[in-house]
Amino acid sequence: MTVSDAPAISRNRSIFISDVHLGTKDCKARQLNEFLKTHKCEKLYIVGDFIDGWRMAKKVHWKKSYNRIIRRILKLSKRGVDIYYITGNHDEFLRKFANNRFDNIHLINKMVHQTADEKQLIVMHGDQFDGVTRAHNLLKWVGDWGYDVLMFLNRQFNRARAKYGYGYWSFAGFLKDHIKRAQTYIADYEDAASHYAAKHNYDGIICGHIHHPAIKTINGVTYYNTGDWVESCTALIEDYDGQFRLMDWKDHEQPVVIKPKLVVEEIAPINVNPEPQVASS
Numbered sequence: 001m002t003v004s005d006a007p008a009i010s011r012n013r014s015i016f017i018s019d020v021h022l023g024t025k026d027c028k029a030r031q032l033n034e035f036l037k038t039h040k041c042e043k044l045y046i047v048g049d050f051i052d053g054w055r056m057a058k059k060v061h062w063k064k065s066y067n068r069i070i071r072r073i074l075k076l077s078k079r080g081v082d083i084y085y086i087t088g089n090h091d092e093f094l095r096k097f098a099n100n101r102f103d104n105i106h107l108i109n110k111m112v113h114q115t116a117d118e119k120q121l122i123v124m125h126g127d128q129f130d131g132v133t134r135a136h137n138l139l140k141w142v143g144d145w146g147y148d149v150l151m152f153l154n155r156q157f158n159r160a161r162a163k164y165g166y167g168y169w170s171f172a173g174f175l176k177d178h179i180k181r182a183q184t185y186i187a188d189y190e191d192a193a194s195h196y197a198a199k200h201n202y203d204g205i206i207c208g209h210i211h212h213p214a215i216k217t218i219n220g221v222t223y224y225n226t227g228d229w230v231e232s233c234t235a236l237i238e239d240y241d242g243q244f245r246l247m248d249w250k251d252h253e254q255p256v257v258i259k260p261k262l263v264v265e266e267i268a269p270i271n272v273n274p275e276p277q278v279a280s281s
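Residue numbers for the sequence shown follow full-length UniProt numbering, beginning at 1 and rising by one.
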């Protein structure tokens, strides 16, 4: 590759990623590594489920690309990038070690991010708003098993597409967009998350968990979901003016900018975790 052929470097204030699920067959660590090569930032937020402890407890699936992404994040830390690792439900084994710092890597459960234009955003993985993960362990197992089956079908479907020269297409994403129950689940989740932010007087909330990237305004606050690096390969990026956009990295194309959509609904109060532990950003 000549110098002129080298990809342009994008410089950003903050980058938010989540749901990488290292240790599983469907993790897109190679794509994430390529993304982080060309997208620099002062702060990198890993918003939960970076390591999939649930799957690895049953069977570990590890590739060289998984080691590379870990080395890249460690290298970023050594170069002065502040890394904030917010724990999720699939890496909940780390939650008992929260509020510790390892050089520039901060391990926390929840924190507040102050944007360049001084807005206060609560950052958390978001499993707290999912009725299944807060329910009985049996229901949690059923939901986990169902997702395994869905991703198996996704892999088989895309192998067939690749055989005939077609690119990746998310079967799982298609089902989310076209099955009414899935749409209701996503809408309920977004309502619960935005309600939490509004109730605690934040300007917005940044979360992951449901693998459904979005930027929209609900109940007077901005709801951001980072998506994932299993199906959508998306990241949330903040520039130096405090503006946010979602980057779609599946096909190495230009960023897909999703403009905030106003959704104002009154919802019933929900029971969620108490006040988050706040770490200064």
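Built from N, CA and C at the ideal position, the CB exists for glycine as well.
If you're wondering where the values come from, they're calculated on a predicted model, not measured in any experiment.
Between the segment 24-36 and the segment 62-72 there are three or more C-beta pairs closer than 8 angstroms, enough to call the two in contact. Considering only Q243, S232, Q128 and W229, the residue with the shortest C-alpha distance to D191 is Q128.
Looking at the backbone, the Cα of N219 and that of H195 are separated by about 7 angstroms. In this structure, G48 places its C-beta atom within 7 angstroms of the C-beta atom of G208. With a contact defined as Cβ atoms closer than 8 angstroms, I237 and N12 qualify at about 5 angstroms.
When only Cα atoms are considered, K59 and N154 end up about 19 angstroms apart.
For A187, there is no enclosing beta strand (DSSP E); the residue is part of the alpha helix (DSSP H) that begins and ends at K180 to K199. Per DSSP, E231 lies in no beta strand (DSSP E) segment and is marked neither H nor E. Counting of Cβ neighbours within 10 angstroms places G88 among the buried residues, the total reaching 16 or more. When rounded, the separation of the alpha-carbon atoms in Q120 and G242 is 11 angstroms. Annotated three-state conformation of I73 is helix, per DSSP. Per the coordinates, the alpha-carbon of A235 lies some 22 angstroms from the alpha-carbon of D188.
Going by C-alpha positions, A98 is about 4 angstroms away from I108. V112 places its beta carbon 7 angstroms or farther from that of I105. In the displayed model, E34 falls within a helix according to three-state DSSP. L44 sits away from V20, with the two beta carbons spaced by 7 angstroms or more. Going by beta carbons, I186 and H212 fall inside the 7 angstroms limit.
Under DSSP, F16 forms a beta bridge with Y45 and L236. DSSP lists V112 and I205 as the beta-bridge partner residues of I122.
Taking the Cα positions, Y223 is about 20 angstroms away from E231.
Checking the DSSP bridge columns, you'll see N225 partnered with C207 and A214. With fewer than 16 neighbouring CB atoms inside 10 Å of its own CB, A8 falls in the exposed class.
Per the C-alpha coordinates, the member of S14, N100 and V221 positioned closest to K199 is V221. With respect to the 7 angstroms criterion, S77 and I69 are not classified as neighbours on the basis of their beta carbons.
Excluding sequence positions up to five before and after D103, its CB lies within less than 8 angstroms of the CB of S77 and K78, all in the same chain and listed in chain order. L94 is not a Cβ neighbour of R72, given a cutoff of 7 angstroms. Within the same chain, and ignoring the five residues on either side of M124 in sequence, the residues whose Cβ sits closer than 7 angstroms to its Cβ are I86, K110, C207 and P276.
Sixteen is the threshold: since fewer than 16 other Cβ atoms of the shown chains lie within 10 Å of the Cβ of A116, the residue is exposed. Under the DSSP definition of a beta bridge, Y66 lacks any partner.
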